[in-house]
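Asks: Residue numbers (our numbering), protein chains in the order written: chain A, 94 to 468; chain B, 94 to 468.
There are 2 protein chains.
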Amino acid sequence: MTDTTGTDNRTSASGQGLHRTIISVDAMGGDRGPAAVVAGLAKSARKNKHIGFVLHGDGPELQKLVAKRPELSGICDIRHAEGVVTMDDKPSHIIRHGKNTSMWSAVESVKSREAEVCVSCGNTGALMALSMLRLRKLPGVSRPAIAVFWPSRNPLGFNIMLDGGADIRADEMDLLQYALMGASYARNGHGIKRPRVGLLNVGTEEHKGRGEIRAAAELIAEAAPVAEFDFVGFVEGGDLLSDRVDVIVTDGFTGNVALKTGEGTAKLVNDFLKEAFTATPLSKIAAILATTSLRRLKKRMDPRRSNGGVFLGLNGTVVKSHGSADATGISAAIKLAFDLAQSGFNEKLAARVAYAPGDAQDAPALIEKKPSGEK
Amino acid sequence: MTDTTGTDNRTSASGQGLHRTIISVDAMGGDRGPAAVVAGLAKSARKNKHIGFVLHGDGPELQKLVAKRPELSGICDIRHAEGVVTMDDKPSHIIRHGKNTSMWSAVESVKSREAEVCVSCGNTGALMALSMLRLRKLPGVSRPAIAVFWPSRNPLGFNIMLDGGADIRADEMDLLQYALMGASYARNGHGIKRPRVGLLNVGTEEHKGRGEIRAAAELIAEAAPVAEFDFVGFVEGGDLLSDRVDVIVTDGFTGNVALKTGEGTAKLVNDFLKEAFTATPLSKIAAILATTSLRRLKKRMDPRRSNGGVFLGLNGTVVKSHGSADATGISAAIKLAFDLAQSGFNEKLAARVAYAPGDAQDAPALIEKKPSGEK
């Protein structure tokens with residue numbers, strides 16, 4: 094905040110009479126470096142006149158990159174930060190020694206309310222740790238979660254899964270909060286009026302699964318009518334891609350393994366597909382004829398189109414873009430961040446989780462029955 | 094055993110001077126009914142002169158089906174069983190009331206040693222419960238596991254993952270046993286001389302993951318040189334499909350979710366591919382030209398080619414075929430069962446797990462150091 098580089102830019106941006114939603118962007122953490130990030134911002138700025146940025150990272154480098162993009166002129170405030178969080182940095186180290194990093198600075202802009210939402214494609218663990226440290230958890234939330242997209246057969250083209258890896262454990266109360274937060278996110282972030290929520294398990298029969306999951310099923314079923322979502326019960330791994338559910342709730346360990354398994358499988362099929370279409374001269378001709386079809390397929394499975402894991406349960410919104418995101422991916426994450434800020438979703442989510450059963454004595458009208466608590 | 098239907102067949106089979114490996118087959122549990130099972134047996138019998146079957150299920154129906162298949166003449170012993178285990182039956186119910194079922198009868202043939210291995214495409218939970226009840230766990234094994242195949246970039250075309258869903262929990266000692274059993278299975282069932290074993294986690298850095306997984310990593314690293322496998326350390330969901338590992342160890346909850354997520358993703362991509370190739374007249378022409386390429390892709394991803402989850406850790410070998418397996422899938426499961434019986438793999442596996450660290454005092458030469466036990 095003491096660094097004044099670019100402050101004039103920002104003032105002039107506000108001075109143009111347009112109300113801009115300001116997004117704080119960590120320019121440094123991604124695999125493709127700040128050039129890809131700035132290209133993504135430019136892409137977003139071309140499409141959206143109501144957006145502005147506070148960009149954190151290597152000042153001189155960012156000045157040069159931004160100067161090349163006329164779309165960013167006057168709407169991009171640059172904050173110099175010496176340090177960069179690498180993918181190998183331990184979250185605990187960053188919390189103790191990371192004050193000079195672009196990631197810390199980017200989160201700080203949300204804490205100080207100069208920006209409404211933060212976007213980073215850096216180290217997920219460090220970003221979550223910093224976000225928890227600086228933004229703090231929402232009242233009533235024990236474990237924040239990362240909500241991720243999943244390509245699916247649903248009309249929107251994706252499902253939402255949480256927790257994608259914020260925490261490696263979750264008890265029944267955490268799973269209930271994930272359901273409440275996920276439903277709120279689906280409604281306010283993606284316009285799904287009455288989200289269908291499923292609880293990930295190894296079987297759809299009620300007698301299966303771990304104790305905390307069975308207990309969570311009871312809590313979520315009780316909360317569903319009050320919190321205005323439909324609980325479809327237990328779902329299995331294959332349902333992450335199905336159209337019978339919009340929000341899938343699971344612990345962060347299982348969620349992270351499932352996420353990476355799904356990504357890996359899609360990539361393997363894609364590689365095999367490429368090999369199949371280059372195997373013989375005839376298959377190469379077929380590939381040329383099928384260009385449009387294959388491009389259509391690629392688009393539907395393209396993780397860049399639905400890039401952005403959202404941290405839920407904090408006093409402020411943080412969007413984690415994929416580490417390998419290119420300009421298209423960054424721009425998708427920026428769009429998501431913008432939409433979330435516009436909808437005021439974090440305030441709505443805060444109101445929703447504040448009334449979880451744990452606080453039911455304070456809000457008897459919302460959850461009439463206490464959880465039966467068969468643990 | 095008191096039912097003598099077809100006993101003559103079997104005697105005559107043995108009487109032909111060929112040594113046959115006898116496989117016990119539950120004909121009834123699959124989604125496609127006994128006709129698909131018998132078609133699968135016929136397919137196997139055409140390729141393999143050293144195979145014989147004890148077939149369990151509805152006697153009159155099986156007699157009719159087998160009579161239509163000249164390949165099965167004289168090598169298929171039919172055992173009538175009234176009951177059928179359905180996909181919805183609870184394992185606990187089958188254990189108490191399932192004595193009259195074809196599944197029970199099929200497992201019993203392995204217990205009595207008239208068959209060397211059992212194959213069923215019925216209810217996984219019931220099959221595991223019955224197998225544990227009748228065959229009992231191997232000495233030193235606390236939780237048996239299901240080892241499943243995974244299409245991968247490895248030369249063999251697949252990786253092995255366990256546990257695919259036999260149990261929903263696993264502590265560090267269980268995970269160590271899965272590593273020992275998985276390595277033994279890869280070596281003796283699939284000819285991988287020095288299997289590379291990885292432990293599924295949410296990150297490859299050593300500080301990540303649950304306590305029992307970190308403890309298991311130490312135990313497995315200690316056991317690796319003695320048990321003649323390479324421990325590659327932590328792997329992530331995406332590595333289920335990679336060529337840096339042959340055997341992936343995880344608990345049955347995570348394994349089952351990952352398995353179904355992977356299957357679901359492959360199916361979704363396949364469906365999207367079909368839609369892409371039927372979208373326009375040009376794409377339909379491309380699809381015709383690309384027939385061979387698409388067939389090649391399909392074959393590489395075809396779950397039927399590597400059908401068969403193997404139950405590890407019991408006094409006897411049980412192969413679980415996919416519930417929806419057709420003749421090709423059944424035949425693949427039969428081939429796996431045959432190969433396992435031929436290699437005497439269960440005896441080798443029993444010898445391996447008998448010397449887990451828990452028994453190290455009885456076999457100091459195999460595991461020199463006691464586990465450090467940092468739980």
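The beta-carbon is built from N, C-alpha and C at its ideal position, and this holds for glycine as well. Computed from a predicted model, the values in this text were never measured in an experiment.
Kindly list, in the order they appear in chain B, the residues whose Cβ is closer than 7 Å to that of residue 379 of chain A.
Replies: 379, 382, 383 and 386, listed in chain order.
Asks: How many Å lie between residue 112 of chain B and residue 147 of chain B at the Cα?
Replies: Cα-Cα distance, rounded: 15 Å.
Asks: Please determine, among B/270, B/307, B/414 and B/425, the residue with the shortest C-alpha to C-alpha distance to residue 445 of chain B.
Replies: The residue with the shortest Cα to Cα distance from residue 445 of chain B is B/270.
Asks: Let me make sure I understand the geometry here. Which of B/382, B/372, B/377 and B/378 has the alpha-carbon closest to that of residue 376 of chain A?
Replies: Looking at the Cα atoms, B/382 is the closest of the given residues.
Asks: Compare the C-beta of residue 154 of chain B against all C-beta atoms of chain A and say whether one is closer than 9 Å.
Replies: Judged by the 9 Å Cβ criterion, residue 154 of chain B is not in contact with chain A.
Asks: What residue from A/429, A/228, A/355 and A/440 has the CA that sits closest to residue 141 of chain A's CA?
Replies: Minimum Cα distance to residue 141 of chain A is reached at A/429.
Asks: Note the first and the last residue of the continuous alpha helix (DSSP H) segment covering residue 143 of chain A.
Replies: Residue 143 of chain A -> no alpha helix (DSSP H), and no H or E assigned at all.
Asks: Please tell me whether, using a cut-off of 8 Å, the distance from the CB of residue 218 of chain A to the nearest non-hydrogen atom of the ligand ZN is below it.
Replies: Judged by which ligands are present, the structure shown has none, so any question about the ligand ZN falls away.
Asks: Alpha carbon to alpha carbon, how far is residue 410 of chain A from residue 211 of chain A? Give it in angstroms, no decimals.
Replies: Between residue 211 of chain A and residue 410 of chain A, the C-alpha separation is close to 6 Å.
Asks: According to DSSP, which residues form a beta bridge with residue 243 of chain B?
Replies: BP columns for residue 243 of chain B point to B/252.
Asks: Suppose you measure from the CA of residue 206 of chain B to the CA of residue 405 of chain B; what does that come to, to the nearest Å?
Replies: Cα-Cα distance, rounded: 17 Å.
Asks: Less than 9 Å separating the beta-carbons of residue 127 of chain B and residue 150 of chain B?
Replies: In contact: residue 127 of chain B and residue 150 of chain B (Cβ atoms closer than 9 Å).
Asks: What residues are listed by DSSP as bridge partners for residue 194 of chain A?
Replies: According to DSSP, residue 194 of chain A bridges with A/176.
Asks: Does the Cβ-Cβ distance between residue 213 of chain B and residue 118 of chain B come in under 9 Å?
Replies: Yes, these two residues count as a Cβ contact at 9 Å.
Asks: DSSP on residue 234 of chain A, reduced to helix/strand/coil?
Replies: The answer is coil: DSSP assigns residue 234 of chain A none of H, G, I, E or B.
Asks: Apart from the five residues just before and just after residue 454 of chain A, which ones in its own chain have a Cβ nearer than 7 Å to its Cβ?
Replies: Annotation note: pLDDT 39 at residue 454 of chain A (below 50); position unreliable, coordinate value reported separately. Counting only Cβ-Cβ distances below 7 Å, and skipping sequence neighbours, we find nothing.
Asks: In chain B, what lies closer than 7 Å to residue 469 of chain A by C-beta?
Replies: As shown, chain A starts at 94 and ends at 468. That puts residue 469 of chain A outside it, with no answer to give.
Asks: Along the chain, where does the beta strand (DSSP E) containing residue 413 of chain B start, and where does it finish?
Replies: Its beta strand (DSSP E) spans residues 410 to 413.
Asks: Could you tell me the alpha carbon to alpha carbon distance between residue 241 of chain B and residue 246 of chain A, rounded to whole angstroms?
Replies: Computed Cα separation, rounded: 27 Å.
Asks: Let's test the definition: count the other Cβ atoms within 10 Å of the Cβ of residue 339 of chain B and tell me whether it reaches 16, buried, or not, exposed.
Replies: Result: buried.
Asks: From this set, A/413, A/420, A/319 and A/408, which residue's C-alpha is nearest residue 439 of chain A's C-alpha?
Replies: Selected option, being the one with the closest Cα: A/408.
Asks: Can you look up residue 376 of chain A in the DSSP assignment and give me helix, strand or coil?
Replies: Looking at residue 376 of chain A - three-state DSSP - the assignment turns out to be helix.
Asks: Could you tell me how far apart the beta carbons of residue 401 of chain B and residue 412 of chain B are, in whole angstroms, since I believe they sit closer than 8 Å?
Replies: Going by Cβ atoms, the distance from residue 401 of chain B to residue 412 of chain B rounds to 5 Å, so yes, they are a contact pair.
Asks: Just by C-beta distance, which residues in the stretch 225 to 259 of chain A are closer than 8 Å to chain B?
Replies: Going along the stretch 225 to 259 of chain A in chain order, one finds 244, 245, 246 and 258 with a Cβ nearer than 8 Å to chain B.
Asks: Enumerate in chain order the residues of its own chain whose CB-to-CB distance from residue 218 of chain B is below 6 Å, with the five nearest sequence positions on each side excluded.
Replies: Here the set comprises 184.
Asks: On a Cα-Cα basis, can you pick out the residue from B/277, B/189 and B/172 that is closest to residue 208 of chain B?
Replies: Residue 208 of chain B has its Cα closest to that of B/172, out of B/277, B/189 and B/172.
Asks: Looking at the structure shown, is residue 116 of chain B part of a helix, part of a strand, or coil, going by DSSP?
Replies: Strand at residue 116 of chain B.
Asks: Give me the subset of the stretch 408 to 437 of chain A whose CB atoms are less than 7 Å from a CB atom of chain B, sorted by chain position.
Replies: Listed by position, the residues of the stretch 408 to 437 of chain A near chain B (Cβ gap below 7 Å) amount to none.
Asks: Just to confirm before moving on: does the CB-CB distance between residue 280 of chain B and residue 322 of chain B stay below 9 Å?
Replies: Cβ atoms of residue 280 of chain B and residue 322 of chain B: closer than 9 Å.
Asks: Considering just the uninterrupted stretch of the alpha helix (DSSP H) at residue 366 of chain B, what are its terminal residues?
Replies: Segment 345 to 369, the alpha helix (DSSP H) holding residue 366 of chain B.
Asks: Just checking, does the stretch 159 to 171 of chain B make contact with the stretch 184 to 198 of chain B on the three C-beta pairs under 8 Å criterion?
Replies: No, they do not touch.
Asks: Note down the Cα distance separating residue 303 of chain B from residue 329 of chain B, rounded to an integer number of angstroms.
Replies: If you take the alpha carbons of residue 303 of chain B and residue 329 of chain B, they lie about 14 Å apart.
Asks: Using CA coordinates, which residue listed in A/334, A/229, A/360 and A/310 is at the minimum distance from residue 354 of chain B?
Replies: Closest by alpha carbon: A/334.
Asks: Since residue 292 of chain A and residue 276 of chain A are thought to touch, with beta carbons under 8 Å apart, how far apart are those beta carbons, to the nearest angstrom?
Replies: Not a contact, Cβ separation roughly 12 Å.
Asks: CA-CA distance, residue 233 of chain A and residue 254 of chain A?
Replies: The alpha-carbon atoms of residue 233 of chain A and residue 254 of chain A are separated by roughly 21 Å.
Asks: With a cut-off of 9 Å, does the C-beta of residue 308 of chain B fall near any C-beta of chain A?
Replies: No - not a single Cβ of chain A is within 9 Å of the one on residue 308 of chain B.
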